[in-house]
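Chemist:
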Amino acid sequence: MTTPLTFYTHPMSRGRVARWMLEETGLPYDTVLLEYGTTMKAPDYRAINPMGKVPAIQHGDTVVTENAAILLYLADLVPEKKLAPPVGTPARGPYYRWIAFMAPLEAMLTAKSAGALAKPEQAGYGSEADVLATLEGALKGRDHLAGDHFTAADLFVAASIGFYLQFKMLEPRPEFVRFAELHARRPAAQRANAIDDEAAAKLQPAG
3 MTTPLTFYTH
13 PMSRGRVARW
23 MLEETGLPYD
33 TVLLEYGTTM
43 KAPDYRAINP
53 MGKVPAIQHG
63 DTVVTENAAI
73 LLYLADLVPE
83 KKLAPPVGTP
93 ARGPYYRWIA
103 FMAPLEAMLT
113 AKSAGALAKP
123 EQAGYGSEAD
133 VLATLEGALK
143 GRDHLAGDHF
153 TAADLFVAAS
163 IGFYLQFKML
173 EPRPEFVRFA
183 ELHARRPAAQ
193 RANAIDDEAA
203 AKLQPAG
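The number in my numbering is simply the position in the sequence shown, starting from 1, with 2 added.
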């Protein structure tokens, strides 16, 4: 790939998910580290992402924001890596499904942490019990959500679960812990974490 790929992030953000995906692709990329409240909200970056948040990637003239979209986009750049099931195969359905499922999961957990859970009949995520039971059922006895090998769906679900477990927003059901820990052991995940951990350490004020 000759088109330049630039990754905009902060090491203590959900940009860690996109970083993991970038490492899985093996594609060369440049990283631009942004600071909350300053460079992340500056006009130069808002020209790329008007939301003033990370992550974002720029691939030539194409800008992609939101982790789900970034993962889908990157997976299609490297079909040889098999990070997405081939179009038209049965595994493509659950691949889309479980990547998209992280949106209602996040909405429910965010509402709960803010003490603002809506009534099930009024919320797009339905009930907390249904959301968690659905996710748990999808993971039970399975290492992969879309086909028989690792895809971006496994990455996104494992990374999201790991994030919510870390911040105690998600109850540590055995299947949640198992799935997150299984995929966190992948070499690309460990490389990505090491890169972001090093960057985060450099951002810490002296002393």
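C-beta atoms are modelled at their ideal positions from N, C-alpha and C, and glycine is treated no differently.
Just so we're clear, the structure is a prediction, and the values are computed from it rather than from any experiment.
Below 8 Å on the Cβ atoms is my contact criterion, and I expect aspartate 156 with histidine 185 to pass it. Report the Cβ-Cβ distance as a whole number of Å.
Modeler: Correct: roughly 6 Å between the Cβ atoms.
Chemist: I need the straight-line Cα distance from arginine 180 to arginine 193, nearest angstrom please.
Modeler: Their backbone Cα atoms lie some 20 Å apart in a straight line.
Chemist: Residues in the same chain with beta-carbon distance under 7 Å from leucine 1, minus the five sequence neighbours each way, listed in chain order, please.
Modeler: Nothing about residue 1 can be reported from this structure: the residues present for the chain run from 3 to 209 only.
Chemist: Quick one: residues in its chain with C-beta nearer than 6 Å to the C-beta of proline 87, no 5 flanking neighbours on either side, listed in chain order?
Modeler: Cβ neighbours of proline 87 beyond the five flanking positions: Ala93, Arg94, Tyr97, Ala148, Gly149.
Chemist: Run through the DSSP bridge pairs and tell me what phenylalanine 9 is partnered with.
Modeler: BP columns for phenylalanine 9 point to Thr33, Ile59.
Chemist: What distance in whole Å lies between the Cβ atoms of arginine 16 and isoleucine 215, which are believed to be in contact at a cut-off of 8 Å?
Modeler: Given a span of 3 to 209 for the chain in the structure shown, any question on residue 215 remains unanswerable.
Chemist: Taking contact to mean at least 3 C-beta pairs separated by less than 8 Å, is the stretch 64-77 in contact with the stretch 133-146?
Modeler: Touching, no, given that fewer than three Cβ pairs across the two stretches are closer than 8 Å.
Chemist: Assuming leucine 85 and alanine 201 make a contact with CB atoms under 8 Å, what is their CB distance in whole Å?
Modeler: In fact, because the Cβ distance is near 24 Å, the residues do not count as touching under 8 Å.
Chemist: Please identify the residue among Glu25, Gly90, Arg175 whose C-alpha is closest to the C-alpha of isoleucine 72.
Modeler: Here the closest residue by C-alpha is Glu25.
Chemist: First and last residue of the alpha helix (DSSP H) that includes threonine 112?
Modeler: From DSSP, the alpha helix (DSSP H) with threonine 112 extends over 94-115.
Chemist: Where DSSP assigns a beta bridge to valine 66, which residues make up the other side?
Modeler: For valine 66, which the question treats as bridged, DSSP gives the partners Ile59.
Chemist: Distance, Cα to Cα, leucine 141 vs proline 45?
Modeler: If I take the Cα positions, the gap works out to 42 Å.
Chemist: Whose CA, out of Ala125, Glu177, Met171, Tyr166, lies closest to the CA of leucine 223?
Modeler: What is shown of the chain runs 3 to 209, which leaves residue 223 out entirely.
Chemist: Just verifying my parser: in three-state terms, what is the DSSP assignment at aspartate 198?
Modeler: Helix at aspartate 198.
Chemist: Give a yes or no on whether the C-beta atoms belonging to phenylalanine 158 and valine 56 are separated by under 8 Å.
Modeler: No.
Chemist: Would you identify the three-state DSSP class for valine 89, choosing helix, strand or coil?
Modeler: Correct three-state label for valine 89: coil.
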